[in-house]
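To keep things clear, I will list the structure first and then write my remarks on it.
Residue numbers (UniProt numbering): 1 to 159.
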């Protein structure tokens, strides 16, 4: 699950802006693909005079704090690509409106997470494909933890 906390000046975003940004964020993750319902966006308004950057009041600052649990980013090239991708998603809402901003990602261990009491199924498993299609968490069997599609159990055998 990616949990996005967006700390922003009061009135910085309209209800339509918040809806659109949440949809854009969700669409990026759905392209991985992960279930759309994994994406959670929470907006926190910061009243004027309550944000300081470098000890200086900044009423035009937006902070994106992201907790990623469903996936981890393997290696520096993928990490850079992902950060640039997310910057493109948020740019119309911050850069193009004259805000200062920053974004950071924490990666929480996958095994320390549940949804509606269900542990999330493995990536690309039969169960995860079902969760994507149903857009909700549901119980799954041990067999559904297997990879979706064709797979071989013998190393070196390709067909």
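Even glycine gets a Cβ: it sits at the ideal position worked out from N, Cα and C.
In this structure residue 52 is exposed. Its beta-carbon is surrounded by fewer than 16 other beta-carbon atoms within 10 angstroms.
When Cβ pairs closer than 8 Å are counted between the two stretches, the segment 58-73 is seen to touch the segment 4-17, the count reaching three or more.
Taking a contact to require three or more Cβ pairs closer than 8 Å, the segment 134-145 and the segment 99-118 qualify as touching. Residue 68 is not a Cβ neighbour of residue 128, given a cutoff of 9 Å. According to DSSP, residue 103 shares a beta bridge with 64. Listed in chain order, the beta strand (DSSP E) elements of length 3 or more contained wholly in the UniProt domain "Tautomerase cis-CaaD-like" (1-136) are 2-9, 40-46, 61-68 and 100-107.
Residue 4 sits buried, since 16 or more C-beta atoms from the chains shown fall within 10 Å of its C-beta.
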